[in-house]
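**Q** Below are the structure tokens for one structure; questions will follow.
Numbering (the working numbering), first residue to last: 1312 to 1462.
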């Protein structure tokens, strides 16, 4: 059943139960097994309560990949910029502002060090994912936690 969410200036209709059912049906191992993805998954255990609560209210298990990618490393701090996306069963009812860039400050929901936006410009949606589909994109800088050294 679709519920209405008011998140800052976003108005969304999301079926949390269907989203949760999908994430419960896949395993962490079904995602990529490169060291960058393993590091992201390990960092999920360190996310703040607020970030985890955000994922939980949407029905998302952040360890289970929609898609996440490491973009750059700060060699001085050993921090890695990750960007990625997750899918939800739902749709956008109202955006913060029409006609602006997707990652404009008006669209961003910031929780701790994570930036989130919603979009209906979809990428990499599984054939098995229930419809309608809404995409949650994120950007976060994370430390390297794996024992293995990264390149």
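Idealized CB from N, CA, C, for every residue including glycine.
Strictly by DSSP, which residues pair up with residue 1401?
**A** 1325
**Q** Does the Cβ of residue 1373 have 16 or more other Cβ atoms within 10 Å, making it buried, or fewer, making it exposed?
**A** buried
**Q** In this structure, does DSSP put residue 1346 in helix, strand or coil?
**A** helix
**Q** Between residue 1416 and the ligand GDP, is there a pair consisting of the residue's CB and a ligand heavy atom that are separated by less than 6 Å?
**A** No copy of the ligand GDP appears in this structure; indeed no ligand is present at all.
**Q** Is it right to say residue 1375 is buried, meaning 16 or more other beta carbons lie within 10 angstroms of its own, or is it exposed?
**A** buried
**Q** So what does residue 1510 bridge to, in DSSP terms?
**A** For residue 1510 there is no data in the structure shown, the boundaries of the chain being 1312 and 1462.
**Q** Closest to residue 1317 by C-alpha separation, out of 1340, 1402, 1439, would be which residue?
**A** Ranking the options by Cα distance to residue 1317, first place goes to 1402.
**Q** Please classify residue 1422: does DSSP put it in a helix, a strand, or coil?
**A** strand
**Q** Which of the three DSSP states, helix, strand or coil, is assigned to residue 1340?
**A** helix
**Q** Is it right to say residue 1447 is buried, meaning 16 or more other beta carbons lie within 10 angstroms of its own, or is it exposed?
**A** buried
**Q** Between the C-alpha atoms of residue 1328 and residue 1455, what's the straight-line distance to the nearest angstrom?
**A** 33 Å
**Q** Grab the span of the beta strand (DSSP E) containing residue 1444 for me, first residue to last.
**A** In the DSSP assignment, residue 1444 falls within the beta strand (DSSP E) that extends over 1444 to 1454.
**Q** Comparing alpha-carbon positions, which option in 1457, 1458, 1425, 1459 lies nearest residue 1359?
**A** 1425
**Q** Do you know whose CA, among 1412, 1404, 1378, 1363, lies nearest residue 1279's CA?
**A** Residue 1279 lies beyond the range of the chain shown here (1312 to 1462); nothing can be said about it.
**Q** Check the C-beta distance from residue 1370 over to residue 1449 and give it rounded, since I have them as a contact under 8 Å.
**A** Wrong, their Cβ atoms sit about 15 Å apart, outside the cutoff.
**Q** Ends of the alpha helix (DSSP H) at residue 1435?
**A** Neither: residue 1435 is in no alpha helix (DSSP H) and is coded neither H nor E.
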